[in-house]
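Beneath this line is the structure, given in structure tokens, with notes to follow.
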Amino acid sequence: MEDPSYTRWSLFPENTYGVDSGGDPSVIPQLTFEEFKEFHCKYYHPSNARIWFYGDDDPVERLRILSTYLDQFEPSPAPNESRIVPQKLFKLPVRVVEKYPAGEGGDLKKKHMVCVNWLLSEGPLNLETELTLGFLDHLLLGTPASPVRRILLESGLGDAIVGGGMEDELLQPHFSVGLKGVAKDDIAKVENLIMDTLRSLAEDGFTTEAVEASMNTIEFSLRENNTGSFPRGLSLMLRSVGKWIYDRDPFEPLKYEKPLRSLKERIDKEGSKAVFSPIIQKFILDNPHRVSVEMQPDPDKASQDEANEKEILQKVKANMTEEDLAELARATQELRLKQETPDSPEALKSVPSLSLQDIPRKPTHVPTKIGEVSGVKVLRHDLFTNDVIYAEVVFDMAPLRKGLLQLVPLFCQSLLEMGTNDMNFVQLNQLIGRKTGGISVYPFTSSLRGKVDPCTKLIVRGKAMSGKVEDLFTLKLQYMTMLSRKGGSPPEKHQEEKEGYS
Numbered sequence: 001m002e003d004p005s006y007t008r009w010s011l012f013p014e015n016t017y018g019v020d021s022g023g024d025p026s027v028i029p030q031l032t033f034e035e036f037k038e039f040h041c042k043y044y045h046p047s048n049a050r051i052w053f054y055g056d057d058d059p060v061e062r063l064r065i066l067s068t069y070l071d072q073f074e075p076s077p078a079p080n081e082s083r084i085v086p087q088k089l090f091k092l093p094v095r096v097v098e099k100y101p102a103g104e105g106g107d108l109k110k111k112h113m114v115c116v117n118w119l120l121s122e123g124p125l126n127l128e129t130e131l132t133l134g135f136l137d138h139l140l141l142g143t144p145a146s147p148v149r150r151i152l153l154e155s156g157l158g159d160a161i162v163g164g165g166m167e168d169e170l171l172q173p174h175f176s177v178g179l180k181g182v183a184k185d186d187i188a189k190v191e192n193l194i195m196d197t198l199r200s201l202a203e204d205g206f207t208t209e210a211v212e213a214s215m216n217t218i219e220f221s222l223r224e225n226n227t228g229s230f231p232r233g234l235s236l237m238l239r240s241v242g243k244w245i246y247d248r249d250p251f252e253p254l255k256y257e258k259p260l261r262s263l264k265e266r267i268d269k270e271g272s273k274a275v276f277s278p279i280i281q282k283f284i285l286d287n288p289h290r291v292s293v294e295m296q297p298d299p300d301k302a303s304q305d306e307a308n309e310k311e312i313l314q315k316v317k318a319n320m321t322e323e324d325l326a327e328l329a330r331a332t333q334e335l336r337l338k339q340e341t342p343d344s345p346e347a348l349k350s351v352p353s354l355s356l357q358d359i360p361r362k363p364t365h366v367p368t369k370i371g372e373v374s375g376v377k378v379l380r381h382d383l384f385t386n387d388v389i390y391a392e393v394v395f396d397m398a399p400l401r402k403g404l405l406q407l408v409p410l411f412c413q414s415l416l417e418m419g420t421n422d423m424n425f426v427q428l429n430q431l432i433g434r435k436t437g438g439i440s441v442y443p444f445t446s447s448l449r450g451k452v453d454p455c456t457k458l459i460v461r462g463k464a465m466s467g468k469v470e471d472l473f474t475l476k477l478q479y480m481t482m483l484s485r486k487g488g489s490p491p492e493k494h495q496e497e498k499e500g501y502s
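When we follow UniProt numbering, the leftmost residue of the sequence shown carries the number 1, and every step to the right adds one.
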């Protein structure tokens, strides 16, 4: 949404989630420095901390270092006083209509936004239920072929999806979905379409292909645990702390094997409809804690807010003496001087940092075997990947005419948003989800040492479990030889082509 704070406020009116963690700018001036400092000292205290180590260093030495720091503090009641009070579920649905500042000029007829939100429970859920809701979220919204996403976009009622789907990092999980770029007269149509689509899915269930694709995608993600350039230890900590701060087992989010196995067994035994339809019915359709948030564009709101702020400041100034104004000017100048004064060398040395001696002189060695298959050079890297095969097919773009280079990014995006001669994009997307861990296409450019012409490549990257490598390369071949606009593409892609490459 344009202002997500309205969604949080409407879903959680009775607890701390209903207020913006960054503070309300209109209220912040009422906060005194003493109150701010007292709050920080009380709650940003080691007694209220969760401390995480990652690595293969000596755990006894870790605790010794930690002890020298923690021994300086007295215990604090902060952990008890800062506990989140659960939001009680509503008895009836709620509707919120607010305005947001829209730029002056332009057509505001299709600038409305609407998002339907559900608070799913009054307390934390068990791990298997959370995992099931995560699968459901992926089924509903996770890919361009997902029914709620696809039906909303194909309706033509809006320009893009809003709402983040399932949010399970708070004490109480919630689900949100909607559209922006909506005409005022179509707001009710969007809400009805969301509810009708969910009812239809509860009654009819999902296709076997969609369930298999979501199962493979999420299981692949859990087993691979690929964080890219993001530090893996930090990623594990963030997953763990989401439960830990609510006094739950910090290792619970990392123990996915048992609930995953149980969920797969239930789907195999009972069928996916018997698993997911009751979840949709209980947590969404029959759930009275539903909040519809409509945001209306207002070209005058920004200027009105600014005028109100000036009026408040004028009233404050009118009640100040000459001495008050002089002191305010002095304090402001002192603050600006502190902000602009560089830190002392002693202060800079206190900031933890890496030195050149901490960085290995040699790069990590990647074993490489160079071979050839059907006249094509093949590089193989024998590494531990937890049974995941990563494969890249690289094409030289040097023969491409320079006038076409600007279209390469669009070409790469379009490859993943089209069907083939035999499958539409929904079927192809589901097949990729069932057989692989994902396929991506992107351009690569780099300068070459001692040469004028750059290195320009087109890379088709994919990954799959070792038992599905043949499927992976078959799909890559289809991307390169059988793609067709006859197979359709998602509506947002047409809009992107029109806006960005017309």
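Note that beta-carbon positions come from the ideal geometry of N, C-alpha and C, so glycine has one too.
Going by beta carbons, residue 431 and residue 418 fall outside the 9 Å limit. The shortest C-alpha to C-alpha distance from residue 120 to any of 464, 87 and 22 is the one to 87.
Going by DSSP, residue 217 is part of the alpha helix (DSSP H) stretching over 208 to 224.
Around the C-beta of residue 200, fewer than 16 other C-beta atoms lie within 10 Å, and the residue is accordingly described as exposed. Within the model, the alpha-carbon separation for residue 426 versus residue 358 is close to 49 Å. DSSP, reduced to helix, strand and coil, places residue 52 outside both helices and strands of the structure shown, so it counts as coil. Counted as a single uninterrupted DSSP element, the alpha helix (DSSP H) harbouring residue 196 occupies residues 187 to 204.
Residue state for residue 466 is assigned as helix, using DSSP reduced to three classes. Taking the C-beta atoms as reference points, residue 19 is found no nearer than 9 Å to residue 295. If the five residues before and after residue 102 are omitted, its C-beta is found closer than 7 Å to the C-beta atoms of 108, 111, 297, 298 and 299, all from its own chain and listed in chain order. In this structure, the CA atom of residue 252 is about 31 Å from the CA atom of residue 207. Here residue 333 carries a helix assignment [DSSP, helix/strand/coil]. Counting every other CB atom within 10 Å of its CB across the protein chains shown gives residue 321 a total below 16, marking it as exposed.
A straight line joining the alpha-carbon of residue 96 with that of residue 278 spans about 28 Å. The criterion of a C-beta distance shorter than 9 Å is not satisfied by residue 186 and residue 152. Each residue's CA atom was taken as its position, placing residue 184 and residue 191 some 12 Å apart.
Residue environment analysis places residue 197 among the buried positions, since at least 16 neighbouring C-beta atoms fall within 10 angstroms of its C-beta. Taking all protein chains in view, the Cβ of residue 173 is crowded by 16 or more other Cβ atoms within 10 Å, so the residue is classified as buried. For residue 176, the enclosing beta strand (DSSP E) covers residues 174 to 182. By the CB criterion at 9 Å, residue 276 and residue 205 fall inside the cutoff.
Per DSSP, the beta bridge partners of residue 372 are 377. In terms of Cβ geometry, residue 290 and residue 118 form a close pair [threshold 9 Å]. Membership of residue 391 in the beta strand (DSSP E) is indicated by the continuous run 388 to 396. Sequence-distant partners of residue 181 (beyond 5 residues in either direction) whose C-beta falls short of 6 Å from its own C-beta, in its chain, are 110, 158 and 159. Taking 9 Å as the cut-off, the beta carbon of residue 469 is found no closer than this to the beta carbon of residue 392. The DSSP assignment places 290 to 298 as complete runs of the beta strand (DSSP E) inside the stretch 267 to 328, in order along the chain (cut-off: 3 residues). For the stretch 92 to 151, the continuous beta strand (DSSP E) assignments of 3+ residues that do not extend past its boundaries occur at 94 to 101 and 112 to 119, in sequence order.
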